[in-house]
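Trainee: Please find one structure pasted underneath; my questions will follow.
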Amino acid sequence: ASSPKIGLISITGSVETGPSIMAAAAKNVTKVSLELGGKAPAIVLADADLDLAVDAITESRIGNTGQICNCAERAYVEEEIKDEFIERLVESMKKVKYGDPILDQGIDMGPLVSKQQQQKVSKMVENAVNEGAELLLGGKAAKVRDAGYYYKPTILDNATQSMEIIRKEIFGPVLPVVTVKDLDQAIKYSNDCEYGLTSSIYTSNIDKAMRASNEIKFGETYINRENFEAIQGFHAGWRKSGIGGADGKHGVYEFTNTHVVYLQYNSSAK
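When we follow this note's numbering, the leftmost residue of the sequence shown carries the number 421, and every step to the right adds one.
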């Protein structure tokens, strides 16, 4: 990263790694494009299509076993529909089949990347329960043929904004749920975070959806759909989620330099 031969450094990594790359690149004022993770909030309002919201959030939470930076990492649910949402979410996550993606057929989720990650996820869930969260499903490691580092799909209710599991990346198939009074509180809690990559909202009210999109401090907002970017969009984070981005027209611009030429030319000159 400190080599003068490099014109651009693009990296997907942790918040700790990003500043180290920037410091090395600073020696030669090398351009950096950093995607450093996220803590994506999923806002579920009382007027949401709950079947759609549950399916999309489940799909987002178990994709690559939750090890995707734009996965839904925390849910903020309006209190009047929280119980019904939780009931449906638990049933949805119960149906998730995990196993060896090479040997097993019809599975939805594979293992975590390492024993260290499995231990990290387990410790975060344990800490959340000790801090007052209610474990509704999962909450423990699982074995598949005595190989691989699996963790059961997990749901935590009654999480609070101050908990580590709400504030730090989990990177595992665990979803903490926080009850909110209204959209104002959901936006406030969503923005109360050092990350700013992806976010989502589930509502049938287009005005609320647009308001959330304007006020939420994240580079991407998905409305009534799972968290997965389109190649023609611009995948970029705010705050500690990074600098620059990828995909789409603006992603191509990240890999270019501008060169302006001012030419004054007299065609009659010999």
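Ideal Cβ placement from N, Cα and C applies to all residues, glycine included.
Rounding to the nearest angstrom, what Cα-Cα distance links residue 527 and residue 510 in this structure?
Mentor: For the purposes of this step, residue 527 is taken as the residue at position 107 of the sequence shown. For the purposes of this step, residue 510 is taken as the residue at position 90 of the sequence shown. Each residue's Cα considered, the two are about 18 angstroms apart.
Trainee: Report yes if the C-beta of residue 684 is less than 7 angstroms from at least one heavy atom of the ligand ADP; otherwise report no.
Mentor: Ligands displayed in this structure: none; no statement on the ligand ADP is therefore possible.
Trainee: If you draw a straight line from the alpha carbon of residue 426 to that of residue 455, how long is it in whole angstroms?
Mentor: For the purposes of this step, residue 426 is identified with residue 6 of the sequence shown, where counting begins at 1. For the purposes of this step, residue 455 is identified with residue 35 of the sequence shown, where counting begins at 1. Distance between the alpha carbons of residue 426 and residue 455: 18 angstroms.
Trainee: What residue does the alpha helix (DSSP H) around residue 508 start on, and which one ends it?
Mentor: In the sequence shown, counting from the first residue as 1, residue 508 sits at position 88. Residue 508 -> alpha helix (DSSP H) spans 499-514.
Trainee: How is the alpha helix (DSSP H) around residue 692 delimited, first residue to last?
Mentor: Because the chain in this structure spans residues 421 to 690, residue 692 falls outside the shown range and cannot be described.
Trainee: My output table needs one value for residue 554: the three-state DSSP class, helix, strand or coil.
Mentor: Numbered from 1 along the sequence shown, position 134 holds the residue referred to as residue 554. Reduced to three states, the DSSP call for residue 554 is strand.
Trainee: Taking its Cβ as the centre, do 16 or more other Cβ atoms sit within 10 Å of residue 676, making it buried, or is it exposed?
Mentor: Mapped onto the sequence shown, residue 676 falls at position 256. Residue 676 should be labelled exposed.
Trainee: With residue 577 as the anchor, note down where its beta strand (DSSP E) starts and where it stops.
Mentor: Taking the sequence shown and counting its residues from 1, one reaches residue 577 at position 157. That run of the beta strand (DSSP E) goes 574-577.
Trainee: Can you tell me which of 464, 468, 513, 471 puts its alpha carbon nearest to the alpha carbon of residue 483?
Mentor: Here residue 483 refers to the residue found at position 63 when the sequence shown is read from its first residue. Looking at the Cα atoms, 513 is the closest of the given residues.
Trainee: What are the partner residues of residue 529, as DSSP defines its beta bridges?
Mentor: Walking along the sequence shown from the start, residue 529 turns up at place 109. Partner(s): 518.
Trainee: Mind reading off the beta-carbon distance from residue 600 to residue 606? Whole number of angstroms is fine, and I expect it under 8 angstroms.
Mentor: In the sequence shown, residue 600 corresponds to position 180, counting from 1. In the sequence shown, residue 606 corresponds to position 186, counting from 1. Confirmed, about 5 angstroms.
Trainee: Residues in its own chain within less than 8 angstroms of residue 602 by CB, not counting five upstream and five downstream?
Mentor: Numbered from 1 along the sequence shown, position 182 holds the residue referred to as residue 602. Result list for residue 602: 498, in chain order.
Trainee: Would you mind giving the Cβ-Cβ distance between residue 646 and residue 476, rounded to the nearest angstrom? I have them listed as a contact below 8 angstroms.
Mentor: Here the question's residue 646 lines up with position 226 in the sequence shown. Here the question's residue 476 lines up with position 56 in the sequence shown. Yes, they are in contact, since the Cβ atoms of residue 646 and residue 476 sit about 4 angstroms apart, within 8 angstroms.
Trainee: So the alpha helix (DSSP H) residue 607 belongs to, where does it begin and stop?
Mentor: Translated into positions along the sequence shown, residue 607 becomes position 187. Start and end: 603-611.
Trainee: Rounding to the nearest angstrom, what Cα-Cα distance links residue 538 and residue 573 in this structure?
Mentor: What you label residue 538 is simply residue 118 of the sequence shown in a count that begins at 1. What you label residue 573 is simply residue 153 of the sequence shown in a count that begins at 1. Their backbone Cα atoms lie some 12 angstroms apart in a straight line.
Trainee: Mark residue 651 as exposed unless 16 or more other C-beta atoms lie within 10 angstroms of its C-beta, in which case mark it buried.
Mentor: Taking the first residue of the sequence shown as 1, we reach residue 651 at position 231. Its Cβ having fewer than 16 others within 10 Å, residue 651 is exposed.
Trainee: What is the residue span of the alpha helix (DSSP H) that residue 674 lies within?
Mentor: Your numbering for residue 674 matches position 254 in the sequence shown. Counting along the chain, residue 674 sits inside no alpha helix (DSSP H), nor does DSSP assign it H or E at all.
Trainee: Give every residue of the same chain whose Cβ lies closer than 6 angstroms to the Cβ of residue 468, excluding the five residues on either side of it in the sequence, and list them in chain order.
Mentor: Within the sequence shown, numbered from 1, the residue matching residue 468 stands at position 48. Closer than 6 angstroms at Cβ, skipping near neighbours: 622, 623.
Trainee: Give the secondary structure of residue 564 by DSSP, where H, G and I count as helix, E and B as strand, and everything else as coil.
Mentor: Along the sequence shown, one-based indexing puts residue 564 at 144. Of the three classes helix, strand and coil, the one that applies to residue 564 here is coil, per DSSP.
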